[in-house]
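Working notes, structure below.
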Amino acid sequence: MTAGDAVHEPLLSVVEAATAYAPGPPVFEGVTFELGRGERLAVLGPNGGGKTTLFRLLLGELAPLAGSISAVGSFAYVPQTERSRLDYPVSALDVALMGTLSRLPWWRRPGRRERDFGRAALERVGLAEQADAQYGDLSGGQRQRVLVARALVQDAPILLLDEPYTGVDRPSEQLLDALLDELAAEGRGIVAATHDLEHARRWDRVLCLNHRMVAFGPPREVLTPAALAETYGHDIILLGDQEGLAILPPHHHH
Amino acid sequence: MHALVEPWQHGFMQRAALELTLIGVLSGVLGCWIILYELSYSAESLAHALFPGLVAAALLGLPLLAGAAVGLGGAALAIALSAAVPSVGRDTAVAIVITTLFGLGVLLALAPASPPGIQGLLFGDPLAVDPGDLVTAALLCALALAALAVLHRVLLATGFDRASARALGLHPLAIELALIGLIAIAILVAVQALGNLLVVAILVAPAATARALVRPLPAMMVVAGAVAVAGSIGGLYLSYYAGLAAGASIALVLVGVYLLAFTLGELRGRRASGAAKMRPAIIEAE
Numbered sequence: 279m280t281a282g283d284a285v286h287e288p289l290l291s292v293v294e295a296a297t298a299y300a301p302g303p304p305v306f307e308g309v310t311f312e313l314g315r316g317e318r319l320a321v322l323g324p325n326g327g328g329k330t331t332l333f334r335l336l337l338g339e340l341a342p343l344a345g346s347i348s349a350v351g352s353f354a355y356v357p358q359t360e361r362s363r364l365d366y367p368v369s370a371l372d373v374a375l376m377g378t379l380s381r382l383p384w385w386r387r388p389g390r391r392e393r394d395f396g397r398a399a400l401e402r403v404g405l406a407e408q409a410d411a412q413y414g415d416l417s418g419g420q421r422q423r424v425l426v427a428r429a430l431v432q433d434a435p436i437l438l439l440d441e442p443y444t445g446v447d448r449p450s451e452q453l454l455d456a457l458l459d460e461l462a463a464e465g466r467g468i469v470a471a472t473h474d475l476e477h478a479r480r481w482d483r484v485l486c487l488n489h490r491m492v493a494f495g496p497p498r499e500v501l502t503p504a505a506l507a508e509t510y511g512h513d514i515i516l517l518g519d520q521e522g523l524a525i526l527p528p529h530h531h532h
Numbered sequence: 267m268h269a270l271v272e273p274w275q276h277g278f279m280q281r282a283a284l285e286l287t288l289i290g291v292l293s294g295v296l297g298c299w300i301i302l303y304e305l306s307y308s309a310e311s312l313a314h315a316l317f318p319g320l321v322a323a324a325l326l327g328l329p330l331l332a333g334a335a336v337g338l339g340g341a342a343l344a345i346a347l348s349a350a351v352p353s354v355g356r357d358t359a360v361a362i363v364i365t366t367l368f369g370l371g372v373l374l375a376l377a378p379a380s381p382p383g384i385q386g387l388l389f390g391d392p393l394a395v396d397p398g399d400l401v402t403a404a405l406l407c408a409l410a411l412a413a414l415a416v417l418h419r420v421l422l423a424t425g426f427d428r429a430s431a432r433a434l435g436l437h438p439l440a441i442e443l444a445l446i447g448l449i450a451i452a453i454l455v456a457v458q459a460l461g462n463l464l465v466v467a468i469l470v471a472p473a474a475t476a477r478a479l480v481r482p483l484p485a486m487m488v489v490a491g492a493v494a495v496a497g498s499i500g501g502l503y504l505s506y507y508a509g510l511a512a513g514a515s516i517a518l519v520l521v522g523v524y525l526l527a528f529t530l531g532e533l534r535g536r537r538a539s540g541a542a543k544m545r546p547a548i549i550e551a552e
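Chains as they are written, first to last, in our numbering: chain A, 279 to 532; chain B, 267 to 552.
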C-alpha cells in the first residue's frame, strides 16, 4: 500500500449494520457511516438508543446481525468513567500500562521502556503527578484522562470514547478537548458518544442514532431541528434560534 | 515456650503445617482474584459441584484430579442444560444443579458401604496428610502460582474493565475460564486438608482480610498469603490444645481474623478510600 492510498482509504467503514443482544429485537438497524483519517465523529442519541451498543459492535463484543464493518487497525476504547470500579486496587500508572497489552505479548511484564511510555502518556493528559495515586481516589475528570492515557499507550489508529464529557469537571473537559484535537491532527480517527451539541457542532461528522440511523454527515447538514427531534423524541428542548439548540438528556440509565 | 513448640514434635503436625503453608500461599494470591472478580459464591458452588466427582474417584481408586475434572464438566453441562429450559432462570438452574450434585456426593460419601476415609472429603483432615499428598500439593501449588504470575497482567486488565480488555486484544471469557480452572485446582489441593465444606474459608477469608487492611494489589496478595498461613497454623494450635477438629478450627480462626480486620478497617474509617468510594462520580474535587 502506498502512502497515497492510505490517505484516501477510510479508517473505519460501516455499511447497513444491525445488531442485537442474543435473544431479542435489534438494538439498531441500517447504520452506515465512514470515518477518515484525522476525523472526529460525534455520535448523538438518547440513552438506550444504541450508542454504547454501537461501540460494543465495533469492538467485536457483539456480532453484526446484518451489514459489514471494516476497520484499518485496532480500536482503543475509553469507557464511561461512571461505570469503572473505584474499589479496584490499581494505580493510575497501572491502568495506563494496560495499554501495553496490545503491543507486548500478554505474558510479558512491562519493562522500563513501557513504564516510561505509561508515564509519558499520563504526563500528556496532565496527570504526571498522580501516576502512583490509586485510580479510585481520582476525580471523575482525572479518571477519564487516565483512561485516555491508556488509549495513548495502546496507540491505536481509532479511538472510541463513550460519553467522555459526562461527569467531568471543566478543566478536564478543556484538556480532553485539546487532546482529542491533537490526536485527530496526528491522523487518528476519533469517535465519541456524547449528549453535548456544542462538541458535535465543532467536530467533522455527526451520526444521529435512535434504534436506527437518523442522519450522518457534516454537523451543518445533520444538526437540524427536525433531525434532532427525530433523534431525541420528547427529550429535546429548543432554546432560541437554531444555533442555541440544546438537548436535555434523560438522567436515568437503562 | 514449650507449649508453642510441643505440637511440632509430631510428624503429622509438621506435615499438616507444611501442607497448609502450601495451600495458604496459593489461596492468598488466588483469593485476591476471587474477591476482585466477585467469584466467592462461584468458588463455593464449584467446590460443591465437583464433590460427587471426587467421591466417585476415591471410591473407584482413580486420581482425585480426574474425578474433579469430570465432576466440574458434568456440573457445567447440567447448569447449561437446565438454564436452557425457558421456564427455569439461570440463577435457579445453578442452585438446583449444585444442590443436587452436592447431595449426590454426600449420599455416596456417607453410604455405609463407602470406606471410612471418604467422609474426610467432606470435612477434611489436615492431620492425615501423608508425604505423597505433600508432593502432589507442592506440584499443583507451584503450577497454579506460576500460571497466576503469567496471567497477572491479563487478569488485572480484564477485571478492571471487560469491554476494554477486548479492545486490548484479550479474550475475557478465556481468561475467566482460566481463573475458574485455577480455582478448581486450588479446591482440589485444599479439599483434603479442609474438606469440601470448609475449603472456601481459606480461599476467601484471608483475601477479604487483606482487602480490609491494605489497598495496592501486590501488598494485598502478600498480606492474604501471610494471613492464610498464620491463620492455618493458629487453627492447628487451637485444634491441638482444645481437641477440636483441625479443618473446622482453621476455618474458625480465618473467619475470626477476617471479622477482626473488617472491624479494624471500619474503625480506621479508611479515610482516603472510603471518601473516594462514597463520592458520586459527578461531583468533582479538583
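Virtual Cβ for every residue (Gly too), placed ideally from N, Cα, C. This structure is a prediction, so every number in the text was calculated from the model and none was measured.
- Query: What separation, rounded to the nearest whole angstrom, lies between the Cα atoms of A/F353 and A/S362?
  - Reply: Approximately 19 angstroms between the Cα atoms of the pair.
- Message: Is there a C-beta anywhere in chain B that falls below 8 angstroms from the one on A/L457?
- Response: no
- Message: Check for me: the beta strand (DSSP E) holding A/I468 runs from which residue to which?
- Response: 467-471
- Message: Could you pull the DSSP bridge partners for A/T297 from this structure?
- Response: A/F306, A/P342
- Output the distance between the C-alpha atoms of B/F426 and A/L335, rounded to the nearest integer angstrom. 20 angstroms
- Message: Does chain B have any CB closer than 8 angstroms to the CB of A/F395?
- Response: no
- Message: Checking the sheet assignment: what are the DSSP bridge partners for A/D440?
- Response: A/A471
- Mind pulling the chain A residues with CB within less than 9 angstroms of B/F426? S362, R363, Y366, V368, D372, V373, M376, Y413
- Put B/G509 into one of helix, strand or coil per three-state DSSP. coil
- Item | Per-residue contacts from B/L302 into chain A (C-beta, under 8 angstroms) | Y366, P367
- Limits of the alpha helix (DSSP H) - the one that A/R318 falls within: Note, A/R318: premise wrong, no alpha helix (DSSP H); beta strand (DSSP E) at 318-322.
- Query: Does DSSP classify B/V455 as helix, strand or coil?
  - Reply: helix
- Query: How about B/D357: is its Cβ closer than 7 angstroms to a heavy atom in the ligand PLP?
  - Reply: Annotation note on the ligand PLP: not contained in the displayed structure, which lists no ligands.
- Task: Within the same chain, show all residues whose beta-carbon is closer than 8 angstroms to that of B/G277, passing over the 5 residues directly before and after it, in chain order.
- Result: none
- Would you mind sorting B/P392 into buried or exposed? The rule is 16 or more other CB atoms within 10 Å of its CB. Here B/P392 is buried, its C-beta having at least 16 other C-beta atoms within 10 Å.
- How long is the line joining the alpha carbons of A/L319 and A/T472, rounded to whole angstroms? Straight-line spacing of the CA atoms in A/L319 and A/T472 works out to 10 angstroms.
- Message: Going by DSSP in three states, A/Q520 sits in which element: helix, strand or coil?
- Response: The pLDDT assigned to A/Q520 is 49, lower than 50, so where the model puts this residue is not dependable, and the model offers no usable value.
- Hey, out of B/Y503, B/V519, B/A444, B/V495, whose CA is closest to B/E285's CA? B/V495
- Message: Taking a contact to mean a Cβ-Cβ separation below 8 angstroms, would you say A/S369 touches A/Q412 in this structure?
- Response: Yes, they are a contact pair.
- Which chain B residues are close to A/F353, counting only those with a beta carbon under 7 angstroms from its beta carbon? A433
- Three-state secondary structure assigned by DSSP to B/V416: helix
- Item | Under 8 angstroms between C-beta atoms of B/I364 and B/H314 | yes
- Item | Segment contact flag, the stretch 473-491 of chain A with the stretch 305-319 of chain A, C-beta cutoff 8 angstroms, min 3 pairs | yes
- Message: Between the alpha carbons of B/P472 and B/G447, how many angstroms are there, rounded?
- Response: 20 angstroms
- Query: Is there a Cβ from chain B that is less than 8 angstroms from the Cβ of A/D408?
  - Reply: The amino acid occupying residue 408 of chain A in the given sequence is Gln; Asp does not appear at that position. By this cut-off, A/Q408 is not an interface position.
- Message: Measuring only the C-alpha atoms, how far is A/A470 from B/A423?
- Response: 22 angstroms
- Query: By Cβ distance below 8 angstroms, which residues in the same chain neighbour B/A283 in space, the five residues on each side in sequence not counted?
  - Reply: So the list reads W274, S498, I499, L502, once near-sequence residues are dropped.
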